[in-house]
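Asker:
Number of protein chains: 2
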Amino acid sequence: MPRVPSSASNDRPPVRQTRIQKAKREAILDAALDVFSQHGFRGATLDMIATRAGLSKPNVLYYFAGKEAIYTQVLSQILETWLDPLVSMDADGDPLQELRAYVGRKLEMAREFPRESRLFATEILQGAPEIEGLLSGELRKLVEEKAKVISGWSAAGKIAPVHPKHLIFSIWATTQHYADFRTQIDMVLGTGEDPFPEAAAFLDHMFARLLAPVQAPDSTPSGGKP
Amino acid sequence: MPRVPSSASNDRPPVRQTRIQKAKREAILDAALDVFSQHGFRGATLDMIATRAGLSKPNVLYYFAGKEAIYTQVLSQILETWLDPLVSMDADGDPLQELRAYVGRKLEMAREFPRESRLFATEILQGAPEIEGLLSGELRKLVEEKAKVISGWSAAGKIAPVHPKHLIFSIWATTQHYADFRTQIDMVLGTGEDPFPEAAAFLDHMFARLLAPVQAPDSTPSGGKP
DNA sequence: CCGCAGTTTGACCAAATGGTCCAGTTCAAG
DNA sequence: CTTGAACTGGACCATTTGGTCAAACTGCGG
Chain A
2 MPRVPSSASN
12 DRPPVRQTRI
22 QKAKREAILD
32 AALDVFSQHG
42 FRGATLDMIA
52 TRAGLSKPNV
62 LYYFAGKEAI
72 YTQVLSQILE
82 TWLDPLVSMD
92 ADGDPLQELR
102 AYVGRKLEMA
112 REFPRESRLF
122 ATEILQGAPE
132 IEGLLSGELR
142 KLVEEKAKVI
152 SGWSAAGKIA
162 PVHPKHLIFS
172 IWATTQHYAD
182 FRTQIDMVLG
192 TGEDPFPEAA
202 AFLDHMFARL
212 LAPVQAPDST
222 PSGGKP
Chain B
2 MPRVPSSASN
12 DRPPVRQTRI
22 QKAKREAILD
32 AALDVFSQHG
42 FRGATLDMIA
52 TRAGLSKPNV
62 LYYFAGKEAI
72 YTQVLSQILE
82 TWLDPLVSMD
92 ADGDPLQELR
102 AYVGRKLEMA
112 REFPRESRLF
122 ATEILQGAPE
132 IEGLLSGELR
142 KLVEEKAKVI
152 SGWSAAGKIA
162 PVHPKHLIFS
172 IWATTQHYAD
182 FRTQIDMVLG
192 TGEDPFPEAA
202 AFLDHMFARL
212 LAPVQAPDST
222 PSGGKP
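Going down the list, the protein sequences come from chains A and B.
Counting in our numbering, the first sequence runs from 2 upward without gaps.
Counting in our numbering, the second sequence runs from 2 upward without gaps.
1. Using a beta-carbon distance below 9 Å, is B/Trp154 in contact with chain A?
2. Throw me the rounded Cβ distance for the A/Ile1 and A/Glu117 pair, which I believe falls under 8 Å.
3. Output, in chain order, the set of chain B residues within a Cβ distance shorter than 7 Å of A/Glu199.
4. For B/Asp205, go through chain A and note every residue whose CB falls closer than 8 Å to its CB, in chain order.
5. Out of A/Ala202, A/His167 and A/Met207, point me to the one whose CA is closest to B/Pro198's CA.
6. Quick check on B/Thr192: does DSSP put it in helix, strand or coil?
7. Determine the direct distance from the alpha carbon of A/Ile160 to that of B/Phe208, and round the result to whole angstroms.
8. Would a C-beta distance cut-off of 9 Å place B/Leu143 and B/Leu84 closer than the cut-off?
9. Using 9 Å as the threshold, is the C-beta distance between A/Ser171 and B/Phe203 below it?
10. For A/Asp35, which option in B/Asp187, B/Leu126 and B/Pro162 has the closest C-alpha, if you only look at C-alpha atoms?
11. Taking the alpha carbon of B/Arg26 as the reference point, which residue from B/Gln74, B/Ala122 and B/Phe42 has its own alpha carbon closest?
12. Taking C-beta to C-beta, are A/Ser89 and A/Arg112 nearer than 9 Å?
13. Excluding the five sequence neighbours on either side, which residues of its own chain have a C-beta within less than 8 Å of the C-beta of A/Lys147, listed in chain order?
14. Let's test the definition: count the other Cβ atoms within 10 Å of the Cβ of A/Pro96 and tell me whether it reaches 16, buried, or not, exposed.
15. Is there a Cβ of chain A sitting closer than 9 Å to that of B/Ser137, yes or no?
16. Run through chain B and tell me which residues come within less than 7 Å of A/Arg53, C-beta to C-beta.
17. What residue range is occupied by the uninterrupted alpha helix (DSSP H) comprising A/Asp31?
18. In chain A, what lies closer than 7 Å to B/Thr175 by C-beta?
19. Per DSSP, what kind of secondary structure is A/Pro222 in: helix, strand or coil?
20. Under 8 Å between beta-carbons, which chain A residues line up against B/Asp181? List them in chain order, please.
21. Thinking just about the alpha-carbon of each residue, which of A/Glu99, A/Asp181, A/Ala70 and A/His178 is nearest to the one in A/Val150?
22. By how many angstroms is the C-alpha of B/Ala32 removed from the C-alpha of A/Pro196?
23. Could you check whether the Cβ of B/Phe42 sits closer than 9 Å to any Cβ belonging to chain A?
24. Between B/Ser57 and B/Met49, what straight-line distance do the alpha-carbon atoms span, to the nearest angstrom?
25. Is B/Thr184 closer than 9 Å to A/Gly128 when the C-beta atoms are compared?
26. Find out if the Cβ-Cβ distance for the pair A/Gln22, A/Tyr64 is shorter than 9 Å.
27. Ordered along the chain, which non-local residues of its own chain (more than five positions away) have a Cβ less than 6 Å from that of A/Ala122?
28. Can you name the start and end residues of the alpha helix (DSSP H) that B/Val215 belongs to?
29. Can you give, in chain order, each stretch of the alpha helix (DSSP H) that sits fully within the stretch 92-139 of chain B and has at least 4 residues?
30. Mark A/Ala24 as exposed unless 16 or more other C-beta atoms lie within 10 angstroms of its C-beta, in which case mark it buried.
31. When the Cα of B/Glu1 is compared with those of B/Arg43, B/Pro162 and B/Thr82, which residue comes out closest?
32. For A/Leu108 and A/Thr176, which I take to be in contact (beta-carbon distance under 8 Å), what is that distance rounded to the nearest angstrom?
33. When DSSP labels each residue in this structure, what does A/Lys159 get in the three-state scheme?
34. List, in order along the chain, the chain A residues whose C-beta lies closer than 8 Å to that of B/Ile186?
35. At a CB-CB cut-off below 7 Å, which residues of chain B make contact with A/Leu211?
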């Protein structure tokens, strides 16, 4: 038993991987995302993950070193995607457009990847034991950088003056809310319909109003047609 | 052993309660709030709760029927307080003042009761199995009622037209974010200082700008001094 | 000081669960 | 077809954990 699999840390494509290995590992990771996002780390069991992936428990352990290794892997895969929308906010684009697009992209992620959003939320709620480093390292630096960009836009009169970091927090909060608190939203709204279209309109309107320059800066002063 | 304690369901003060019973039950509930909010239901153990309350595990079980009974009790106590700020939003008050006060009260709760906020968030994240009834009953009705009030204010030109329910969602999201995601906020901001003063200023400004009537309705048109 | 309801806990129990072993089965290269 | 490596899963193990029990202890009204 050569025991090749189980690459707990970083994924290196070079390490030879059978077609079957790739498929099974993906199946396990997807099942794990399901289970972890629904029950949290402690609430999830290997049996749940195995069953959902269509494998036996020992077989899951053949591909991953253990429960924690699976969790770590799932989480690190999420994080790549998670920062993307903020990263792609362009300092050279039109300020108001860029920020509204960021809100839109973030809301789109809440709609497309609710499991990821919930898992991330759970992890942070419990003190982010697993991703502490990333938060105080990569994320902090990124926010610092983008906050400067936003401050620049404010100073140039392109958008209204706002506290840039708290603006970012409010964007995270409002968009992720539609994934993380979906249960509550459905119960308050009545489960009949998709809340996202109205949410998109509301949030776009809200941030447009917040950010519209107070005095006409150089072009169209109004936010847009509601 | 008459086994008087353990009133799992509603709390009825009439049922005789020793001074010692009251004290111990409170200690257990407080310890449980600590532990449940930090680890979730599954992640919490009776031993953690017992230790934190300064009791032995069997002793805890003497006062409560079981782990779930403790959890239910903690949760139901929270919910009373939780809806309070929204309840006290007065339809006859000044619209903008009422809404800004609501935001302020809600943020204050995030600051004063972060454990409660996190426990509530965890519960909803996992599908709110324990409080489903309350959400789709009491809460839904309350939101329905307050949404009508807000719509009335909009129609009367007292505040700008907004989707009332999504406005409420955005208030919940932004305020609770400072409790639920506190770990992330500290890491992004640098743990040095209290984020709440700036958060209060930012959120007040944001909602004031969102809600300020577009055309002067009948009195002071501007939102206030920044 | 007695007696008993009220209180406390060490010792235990059974189920759940992360993880291991090893005897098989499948697969693909030669 | 052969053969060794890759893969699979039934049986098993150790720990954790929610919960039980009976024996012991405490405090107070009579």
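Ideal Cβ placement from N, Cα and C applies to all residues, glycine included.
Answerer: On the basis of the coordinates in this document:
1. Reading the second sequence from its first residue, position 153 is the one you call residue 154 of chain B. Not one chain A Cβ lies under 9 Å of B/Trp154.
2. Outside the displayed span of chain A (2 to 227) sits residue 1 of chain A, for which this structure offers no information.
3. Here the question's residue 199 of chain A lines up with position 198 in the first sequence. The contact set of A/Glu199 on chain B, defined by CB atoms closer than 7 Å, consists of His164 and His167 in chain order.
4. As a first step, residue 205 of chain B must be located in the second sequence, where it is residue number 204. Per Cβ cutoff of 8 Å: no residues; B/Asp205 is ~11 Å from chain A at best.
5. In the second sequence, residue 198 of chain B corresponds to position 197, counting from 1. Minimum Cα distance to B/Pro198 is reached at A/His167.
6. Along the second sequence, one-based indexing puts residue 192 of chain B at 191. In the three-state scheme derived from DSSP, where H, G and I count as helix and E and B as strand, B/Thr192 is classed as coil.
7. Working through the second sequence from its first residue, we reach residue 208 of chain B at position 207. Working through the first sequence from its first residue, we reach residue 160 of chain A at position 159. Between B/Phe208 and A/Ile160, the C-alpha separation is close to 17 Å.
8. Translated into positions along the second sequence, residue 143 of chain B becomes position 142. Translated into positions along the second sequence, residue 84 of chain B becomes position 83. A contact, by the Cβ cut-off of 9 Å.
9. By one-based count along the first sequence, residue 171 of chain A stands at place 170. By one-based count along the second sequence, residue 203 of chain B stands at place 202. Cβ distance < 9 Å, so A/Ser171 and B/Phe203 count as in contact.
10. Indexing the first sequence from 1 puts residue 35 of chain A at position 34. Minimum Cα distance to A/Asp35 is reached at B/Leu126.
11. On the second sequence, residue 26 of chain B is found 25 positions in, with the first residue counted as 1. The shortest Cα separation from B/Arg26 among B/Gln74, B/Ala122 and B/Phe42 belongs to B/Gln74.
12. Along the first sequence, one-based indexing puts residue 89 of chain A at 88. Along the first sequence, one-based indexing puts residue 112 of chain A at 111. Pairing A/Ser89 with A/Arg112 gives a Cβ-Cβ distance that is not under 9 Å.
13. Against the first sequence, residue 147 of chain A aligns to sequence position 146. Answer for A/Lys147: Leu87, Met90, Pro165 and Ile169, listed in chain order.
14. Taking the first residue of the first sequence as position 1, residue 96 of chain A is located at position 95. Burial call: buried.
15. The residue labelled residue 137 of chain B in the question sits at position 136 within the second sequence. Yes, its Cβ sits closer than 9 Å to a Cβ of chain A.
16. Locating residue 53 of chain A in the first sequence gives position 52, where the first residue counts as 1. Within chain B, no residue comes near A/Arg53; the closest Cβ sits about 16 Å away, beyond 7 Å.
17. In the first sequence, counting from the first residue as 1, residue 31 of chain A sits at position 30. Taken as a continuous stretch (DSSP letters only), the alpha helix (DSSP H) holding A/Asp31 covers Arg20 to Gly44.
18. By one-based count along the second sequence, residue 175 of chain B stands at place 174. Going along chain A in sequence order, the residues near B/Thr175 (Cβ under 7 Å) are Ser171, Ala174 and Thr175.
19. For the purposes of this step, residue 222 of chain A is taken as residue 221 along the first sequence, with counting starting at 1. With a pLDDT of 45 at A/Pro222, under the threshold of 50, the modelled position of that residue is not reliable, and no figure is offered here.
20. In the second sequence, counting from the first residue as 1, residue 181 of chain B sits at position 180. What B/Asp181 touches in chain A: Ala122, Ile125 and Leu126.
21. Position 149 of the first sequence, counted from the start, is the residue given in the question as residue 150 of chain A. Here the closest residue by C-alpha is A/Glu99.
22. Along the first sequence, read from residue 1 onward, the residue named residue 196 of chain A stands at position 195. Along the second sequence, read from residue 1 onward, the residue named residue 32 of chain B stands at position 31. In a straight line, the C-alpha of A/Pro196 is about 37 Å away from that of B/Ala32.
23. On the second sequence, position 41 is the one that residue 42 of chain B refers to. Put simply, the CB of B/Phe42 is near chain A, with a gap under 9 Å to one of its CB atoms.
24. What you label residue 57 of chain B is simply residue 56 of the second sequence in a count that begins at 1. What you label residue 49 of chain B is simply residue 48 of the second sequence in a count that begins at 1. Between B/Ser57 and B/Met49, the C-alpha separation is close to 10 Å.
25. In the first sequence, counting from the first residue as 1, residue 128 of chain A sits at position 127. In the second sequence, counting from the first residue as 1, residue 184 of chain B sits at position 183. The answer is yes: Cβ separation under 9 Å.
26. Counted from its first residue, the first sequence places residue 22 of chain A at position 21. Counted from its first residue, the first sequence places residue 64 of chain A at position 63. Yes, they are a contact pair.
27. Counting from 1 along the first sequence, the entry for residue 122 of chain A is found at position 121. Excluding sequence neighbours, A/Ala122 sits near Asp181.
28. One-based indexing of the second sequence puts residue 215 of chain B at position 214. B/Val215 -> no alpha helix (DSSP H), and no H or E assigned at all.
29. The qualifying runs are 96-113 and 115-126.
30. Locating residue 24 of chain A in the first sequence gives position 23, counting from the first residue. Flag for A/Ala24 reads exposed.
31. Here chain B covers residues 2 to 227 and nothing more, so residue 1 of chain B does not appear.
32. As a first step, residue 108 of chain A is located in the first sequence; it is residue number 107 there, counting from the start. As a first step, residue 176 of chain A is located in the first sequence; it is residue number 175 there, counting from the start. A Cβ-Cβ distance of about 4 Å is found for the pair A/Leu108 and A/Thr176, placing them in contact under the 8 Å criterion.
33. Here residue 159 of chain A is taken as the residue at index 158 of the first sequence, counted from 1. In the three-state DSSP reduction, A/Lys159 falls in the coil class, being neither helix nor strand.
34. If you number the second sequence from 1, residue 186 of chain B lands on position 185. Listed along the chain, the chain A residues whose CB falls inside 8 Å of the CB of B/Ile186 are Phe170.
35. For the purposes of this step, residue 211 of chain A is taken as residue 210 along the first sequence, with counting starting at 1. Ordered by position in chain B, the residues that pass the 7 Å Cβ test against A/Leu211 are Met207, Arg210 and Leu211.
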